[in-house]
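Number of protein chains: 2
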Amino acid sequence: MNASSTTVEYLTHSASEIEQALLTAFPHDWQIPHQLREAMMYSLEAGGKRLRPILVLTAAEAVHNDNLARKAAFPIACAIEMIHTYSLIHDDLPAMDNDDYRRGKLTNHKVYGEAMAILAGDGLLTHAFYAVTQAVKQGVSAQVALDIVSDLAELAGATGMVGGQAADILGEQGVTSLEQLEFIHLHKTSDLIMFSVTAGARVGGASNEQLIALQEFASKLGLAFQVQDDILDLIGDEAKLGKPTQSDVQQQKVTYPYLIGMEESKALVERLTAEAKQALMKADLAKPERLFAIADYLVNRDH
Amino acid sequence: MNASSTTVEYLTHSASEIEQALLTAFPHDWQIPHQLREAMMYSLEAGGKRLRPILVLTAAEAVHNDNLARKAAFPIACAIEMIHTYSLIHDDLPAMDNDDYRRGKLTNHKVYGEAMAILAGDGLLTHAFYAVTQAVKQGVSAQVALDIVSDLAELAGATGMVGGQAADILGEQGVTSLEQLEFIHLHKTSDLIMFSVTAGARVGGASNEQLIALQEFASKLGLAFQVQDDILDLIGDEAKLGKPTQSDVQQQKVTYPYLIGMEESKALVERLTAEAKQALMKADLAKPERLFAIADYLVNRDH
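In structure tokens, the structure reads:
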């Protein structure tokens, strides 16, 4: 078995563990209107790579190589997947990107209506913070959990992901510079990756130096991920991606290949990945191998 | 000066202190797209009674009668006003209640468009949790701040306010029982009042017994507040309310006066207020007077 197939196995196994944990993210005895619960779970169970929650688990284990750190990171992993999922539900709304399909399934509002989709998003966003508080039951200190709440609010909020989405919408008619494009990508995509790696590291008990090195890793990885997304939208395989390609072109979205060309974009992904791995080497981690493998996997992915 | 004018003065003064604090709720050096920041502040500055944040401050001071407890409660007061404000922005959207005016001003989406209004709501909701973490800088312990995060996520989320809004929307064609109506009101309105009193009490260092008594106070007060709202919608003065009356009738919403009659509704408000005050007496508070005064003020309010 080669390194790459081991990585795929690890990712698949972790994704299924996370999906299991998500099933009980809302306590069963909580009174939630049936259709609201169903709408939230519909999108939460809709699949995807589960990259962000996997990064939480993997970063925790990288810093503190035992099963306890990984186990303690599960509530945080669920939290970031709820944030990612809510953002997709709201982004798909008619007033935003107006998408009918996501990962081959009808989007939330096409199934439950716009009002319920807005509320399902609000419910998932709010519950993500509840999930973070549950990490305390797994031995995470109140101070660390509170630091994670603060990071999450900052990186997912108006100065983070929500800000990136706003900049994207405001700029749709006129993103012309690499600087604007980088602002949008930094916040729309990289900020949640930054959160995932940072939160995992905090759960693992990272030192300040480790935190800084891992954040450098996350920022390079996040940008590489986004540029690769832009590339795949142009030349990817629709069946593997589970969504139509060329959507950026059709929506006249400015992308890396559009701004700097395809070859330069591919070279950029390679360079960013190499820099991410260099940052990782500085972090002096107990178990860095899986983070290296994830970086390699992402640069070579075809979906 | 009579007791009631002193209460009005206290409420006005506290509301203006809260409005001052809200102005700096988003750090000035945070990079937030200009229009998103403006959209969030537009609704945050749109006024209102600021009842929920005032309850946070007043509950803190009631438990621990010094200026420090009140000061420490300000970040939490801002947090609950952000939650309340985001819920109004999302409720006003075309897919929800489709309102053009709120407190005499155009609603958020009428000024900034639907996409930006959705994002402004998401940004305020997310930032509320950031605000809670800031209470630590005022001497609140990490454990208490985390308990408040957990309360907020529960009471504002799918099993709280968002759940109440979902039940309201799902039931619009068919709320026929008092039980359904109580579920909707409990979660749409009372849950945030419950949060405000509980969080203030936590900041003030309430004992378990005090917390239980104050939560009983909050649950009675919250329901009284909602029934009074239903009454005012039928017989209130549009100029004082700052919104058209009879809107519930026009939208064929089921209300307390509709279900149990006007006289019985008025008697219910009186009874709930008396019970709220009885609960308060059990709490053995350092400075209960202002909470009593707020309960009396709310039952007699005309807007």
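Protein chains in written order, with the working numbering: chain A, -5 to 297; chain B, -5 to 297. Beta carbons: idealized from backbone N, C-alpha and C, even for Gly. Since we're looking at a predicted model, the values are computed, not measured.
Sequence-distant residues of the same chain with beta carbon closer than 8 Å to residue i, five excluded per side
i, result
"V143 of chain B", "F123, V126, T127"
"L118 of chain B", "M34, S37, L38, M76, I77, T79, Y80, I83"
"I254 of chain A", "L172, L262"
"T0 of chain A", "A287"
"E264 of chain B", "V293"
"R31 of chain A", "F20"
Span separating the alpha-carbon of residue i from that of residue j
i, j, result
"Y252 of chain B", "I229 of chain B", "13 Å"
"T249 of chain B", "D185 of chain A", "44 Å"
"E258 of chain B", "L175 of chain B", "16 Å"
"M(-5) of chain A", "E283 of chain A", "Per-residue confidence for M(-5) of chain A stands at a pLDDT of 46, beneath the threshold of 50, marking its modelled position as unreliable; the derived number appears in the next sentence. M(-5) of chain A and E283 of chain A: Cα-Cα distance of roughly 16 Å."
"Q220 of chain B", "N61 of chain A", "49 Å"
"E3 of chain A", "V50 of chain A", "17 Å"
"H28 of chain B", "M35 of chain B", "11 Å"
"H7 of chain B", "L292 of chain B", "17 Å"
"H22 of chain B", "A161 of chain A", "18 Å"
"P47 of chain B", "I206 of chain B", "20 Å"
"G41 of chain A", "E269 of chain A", "30 Å"
"D91 of chain A", "L5 of chain A", "29 Å"
"H103 of chain B", "I163 of chain B", "19 Å"
"A66 of chain B", "A139 of chain A", "20 Å"
"K260 of chain B", "G199 of chain B", "35 Å"
"Q222 of chain A", "M155 of chain B", "40 Å"
"Q25 of chain B", "K247 of chain B", "42 Å"
"L180 of chain B", "A129 of chain A", "29 Å"
"L279 of chain B", "A289 of chain B", "15 Å"
"A287 of chain A", "F189 of chain A", "19 Å"
"S10 of chain A", "L146 of chain A", "24 Å"
"D94 of chain B", "V105 of chain B", "10 Å"
"A277 of chain B", "V191 of chain B", "12 Å"
"H121 of chain A", "D141 of chain B", "14 Å"
"T101 of chain A", "G133 of chain B", "45 Å"
"L285 of chain A", "E148 of chain B", "34 Å"
"D227 of chain A", "M256 of chain A", "12 Å"
"S201 of chain A", "L208 of chain B", "42 Å"
"L64 of chain B", "S(-2) of chain A", "The sequence shown places Arg at residue 64 of chain B, not Leu. Roughly 57 Å between the two C-alpha positions."
Coarse secondary structure for residue i, derived from DSSP in three states
i, result
"R97 of chain B", "coil"
"R295 of chain B", "coil"
"S201 of chain A", "coil"
"T6 of chain A", "helix"
"G157 of chain A", "helix"
"I288 of chain A", "helix"
"Q220 of chain A", "helix"
"T192 of chain A", "helix"
"A19 of chain B", "coil"
"V248 of chain B", "coil"
"S(-2) of chain A", "helix"
"K65 of chain A", "helix"
"R31 of chain A", "helix"
"V134 of chain B", "coil"
"K214 of chain B", "helix"
"N59 of chain A", "coil"
"Q128 of chain A", "helix"
"Q174 of chain B", "helix"
"P282 of chain A", "coil"
"N92 of chain B", "coil"
"I26 of chain A", "coil"
"R44 of chain B", "coil"
CB-CB length for residue i against residue j, believed under 8 Å
i, j, result
"K182 of chain A", "Q159 of chain A", "6 Å"
"I225 of chain A", "A150 of chain A", "Not quite, the Cβ-Cβ distance comes to about 26 Å (not below 8 Å), so this is no contact."
"E210 of chain A", "A273 of chain A", "4 Å"
"A136 of chain A", "A136 of chain B", "4 Å"
7 Å CB neighbourhood of residue i in its chain, flanking five on each side removed
i, result
"K281 of chain B", "E55, A56, N59"
"E108 of chain B", "L87, P88"
"G165 of chain A", "Q174, I178"
Cut-off 6 Å between Cβ atoms - residues of its own chain near residue i, not counting five sequence neighbours on either side
i, result
"F68 of chain A", "A15"
"K99 of chain B", "A40"
"L266 of chain A", "K214, L217, A218"
"R44 of chain B", "A9, I12"
"F53 of chain A", "The residue you asked about is not Phe; residue 53 of chain A is Ala in the sequence shown. Around A53 of chain A: V191, G194, A195."
For this session: Evaluate contact between the stretch 192 to 199 of chain B and the stretch 213 to 224 of chain B, counting only Cβ atoms and requiring at least three cross-stretch pairs below 8 Å.
Result: no
Exercise. Do the stretch 67 to 79 of chain A and the stretch 0 to 19 of chain A meet, that is, are 3 or more Cβ pairs less than 8 Å apart?
Worked result: yes
Exercise. Are the stretch 81 to 90 of chain B and the stretch 109 to 124 of chain A in contact at 8 Å, needing three or more beta carbon pairs?
Worked result: yes
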